[in-house]
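Peer 1:
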Ligand code: FCB
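Residue numbers (the working numbering): 516 to 987.
#1: Would you mind reading off the limits of the beta strand (DSSP E) that contains residue 614?
#2: According to DSSP, is residue 783 helix, strand or coil?
#3: Terminal residues of the continuous beta strand (DSSP E) containing residue 758?
#4: Enumerate, from N- to C-terminal direction, the unbroken alpha helix (DSSP H) stretches of 4 or more residues contained entirely within the segment 817-843.
#5: Report yes if the C-beta of residue 893 is less than 7 angstroms from at least one heavy atom of the ligand FCB; otherwise report no.
#6: Let me confirm a value: residue 548 is counted as buried when at least 16 other C-beta atoms fall within 10 Å, else exposed. Which label applies?
#7: Rounded to the nearest angstrom, what separates residue 943 and residue 796 at their Cα positions?
#8: From this set, 668, 769, 866, 898, which residue's C-alpha is nearest residue 857's C-alpha?
#9: Within the chosen definition, does the segment 657-664 reach the segment 563-572 through at least 3 CB pairs nearer than 8 angstroms?
#10: For residue 458, which of helix, strand or coil comes out of DSSP?
#11: Which two residues bound the contiguous alpha helix (DSSP H) that contains residue 945?
#12: Does the beta carbon of residue 552 fall short of 7 angstroms from some heavy atom of the ligand FCB?
#13: Helix or strand or just coil, what does DSSP make of residue 876?
#14: Would you call the CB atoms of residue 558 and residue 589 closer than 8 angstroms?
#15: Take residue 872 and list the residues in its own chain whose beta-carbon comes closer than 7 angstroms to its own, dropping the five residues that flank it on each side.
#16: Which term fits residue 817, buried or exposed, when burial requires 16 or more other beta carbons within 10 angstroms of its beta carbon?
#17: For residue 970, does the count of other Cβ atoms within 10 angstroms reach 16, so buried, or fall short, so exposed?
#18: Cα separation between residue 985 and residue 978?
#19: Would DSSP call residue 653 helix, strand or coil?
#20: Here's the rule: buried if 16 or more other CB atoms are within 10 angstroms of the residue's CB, otherwise exposed. What is residue 561?
#21: For the ligand FCB, I want to know if residue 939 counts as a neighbour, meaning its beta carbon is within less than 7 angstroms of at least one of the ligand's heavy atoms.
#22: Between residue 897 and residue 953, what straight-line distance do the alpha-carbon atoms span, to the nearest angstrom?
#23: Leaving out five residues before and five after residue 838 in sequence, what residues of the same chain have Cβ atoms less than 6 angstroms from its Cβ?
#24: Identify the continuous beta strand (DSSP E) that holds residue 938 and give its terminal residues.
#25: Measure the alpha-carbon distance for residue 621 versus residue 633 and round it to whole angstroms.
#26: Since I believe residue 823 is in contact with residue 801 (beta carbons under 8 angstroms), could you give me their beta-carbon distance rounded to a whole number of angstroms?
#27: Does DSSP classify residue 770 as helix, strand or coil?
And the structure:
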């Protein structure tokens, strides 16, 4: 395959990208796609020599998954990748974000490589490219190798190098065809939910000192992986990370409220694992976040300049996973004061308030703070939609996507560089501790028969993508 610069085929990052943009169009080369993760769709939990992940082990524990299910088979994507690539192509999408299961590629996390595991991603990439779909590969979406967890996981001093080894193995195999690399999905979740509150695998409640050790190692792992990608990739890589991207919605248009909202979740006001700034300040600005002028967690951890330099690798864009956001006003001294979600706001079946406006503010505030173009790497809604007479009508999902895309169009009209929109998710899948009950897909999937049926929203989204947003 002729090697072209990735931006020639997907126009991801190029000078002048967001100049001369009107208020009604999306730029040429805007990425229209869907996102998934390995654990949530692949199944094949012990096929092809795959090792166990902490999520495999977690979901075997009775009582953990709310509906008593597990992801041993999930959507059986491991055995149905061609059919699933065809579903994406059927929607005319030009981008697909998936994750690589670390223990599928390296069953013990490091060392021996599973050729069968790598071969699966090889075939997936080929199936996508054959259909004109750009692959966006996430190197880690929470399914940490169980064998490495037993060796200390993110607390182990070697853990940054372990992750870099995984990145290197995958990049060596796929980078002749893959340009888009996302190191982590939502460090807030695998560190905060997995290692502090312990509500997600591997269920540890470390306390702040050890949490910061794990956080530092993960950020170092991100940095080493970025270096490995840039050193080894055969095609010019575009490197990114996907963050939880809630943003403050200014309570009023008053400048003080807007300024307070811009800080919310990014400037640290109190210790909390979900603050984006805790991860993104070192990664994108090369500085350790502060709280009241003092380094965050200084009583627990010291981070050297050398560490910061490793964490701070240039990214080509920042991935925003956007679901919901609160309203924020300026409190005393301009501090960001979060207002309670209003009862009257519509909610998804998950109970998450639906407020598309926050997506506009997320693109603006993250771009202004970090200076990287942004890409919406996730955005979606759990609805209790049902298959009836062979079809699923989901007008609420259409309205959800439409309202969020309008906010992206607003951001583009303001000159903010938004590179694409990857909807969460392709098909109804295994939603972590919630099991199979949540339905987030554009395509319904019956997990007993594995029958896939595109919902009404899939056809609607296809038309939006086909017309590059003109039909919105
Ligand atoms: C995000 C996760 C994704 C999925 C959606 C609903 O936080 O990245 O795997 O669970 O939420």
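Built from N, CA and C at the ideal position, the CB exists for glycine as well.
These figures come from a predicted structure and were not determined experimentally.
Peer 2: Reading off the structure:
#1: Here residue 614 is taken as the residue at index 99 of the chain shown, counted from 1. Per DSSP, residue 614 belongs to the beta strand (DSSP E) from 610-614.
#2: As a working note, residue 783 is residue 268 in the chain shown. Coil, per DSSP.
#3: Position 243 of the chain shown holds residue 758. First-last of the beta strand (DSSP E) with residue 758: 753-759.
#4: 820-826
#5: Locating residue 893 in the chain shown gives position 378, where the first residue counts as 1. Closer than 7 angstroms to some heavy atom of the ligand FCB: that describes the Cβ of residue 893.
#6: Here residue 548 is taken as the residue at index 33 of the chain shown, counted from 1. Classification for residue 548: buried.
#7: Sequence index remark: in the chain shown, residue 943 carries index 428 (1-based). Sequence index remark: in the chain shown, residue 796 carries index 281 (1-based). Computed Cα separation, rounded: 34 angstroms.
#8: Looking up residue 857 in the chain shown gives position 342. Minimum Cα distance to residue 857 is reached at 866.
#9: yes
#10: Residue 458 is absent from the model: the chain starts at 516 and stops at 987.
#11: By 1-based counting over the chain shown, the position of residue 945 is 430. Element bounds for residue 945: n/a, residue is neither H nor E.
#12: The residue labelled residue 552 in the question sits at position 37 within the chain shown. Within the cutoff, so yes.
#13: The residue given as residue 876 occupies position 361 in the chain shown. Reduced to three states, the DSSP call for residue 876 is helix.
#14: For the purposes of this step, residue 558 is taken as the residue at position 43 of the chain shown. For the purposes of this step, residue 589 is taken as the residue at position 74 of the chain shown. Yes, they are a contact pair.
#15: On the chain shown, residue 872 is found 357 positions in, with the first residue counted as 1. 764, 922.
#16: Position 302 of the chain shown, counting from 1, holds the residue named residue 817. Exposed, because fewer than 16 other Cβ atoms sit within 10 Å of the Cβ of residue 817.
#17: Taking the first residue of the chain shown as 1, we reach residue 970 at position 455. Label assigned to residue 970: buried.
#18: Residue numbering aside, residue 985 sits at position 470 when the chain shown is read from its first letter. Residue numbering aside, residue 978 sits at position 463 when the chain shown is read from its first letter. Roughly 9 angstroms separates the two Cα atoms.
#19: Residue 653 sits at position 138 when you count from the first residue of the chain shown. Reduced to three states, the DSSP call for residue 653 is strand.
#20: If you number the chain shown from 1, residue 561 lands on position 46. It counts as exposed.
#21: Translated into positions along the chain shown, residue 939 becomes position 424. The answer is yes for residue 939.
#22: Within the chain shown, numbered from 1, the residue matching residue 897 stands at position 382. Within the chain shown, numbered from 1, the residue matching residue 953 stands at position 438. Each residue's alpha carbon lies about 6 angstroms from the other.
#23: The count along the chain shown starts at 1 and reaches residue 838 at position 323. Excluding positions up to five away in sequence, the list reads 867.
#24: Along the chain shown, one-based indexing puts residue 938 at 423. It spans 933-939 - the beta strand (DSSP E) in which residue 938 sits, taken as one unbroken run.
#25: Stepping through the chain shown from its first residue, residue 621 is reached at position 106. Stepping through the chain shown from its first residue, residue 633 is reached at position 118. Spanning the two alpha carbons is a distance of roughly 9 angstroms.
#26: By one-based count along the chain shown, residue 801 stands at place 286. By one-based count along the chain shown, residue 823 stands at place 308. That belief holds up - the Cβ atoms of residue 801 and residue 823 are roughly 5 angstroms apart, short of 8 angstroms.
#27: The residue you call residue 770 lines up with position 255 of the chain shown. Residue 770 falls in the helix class under three-state DSSP.
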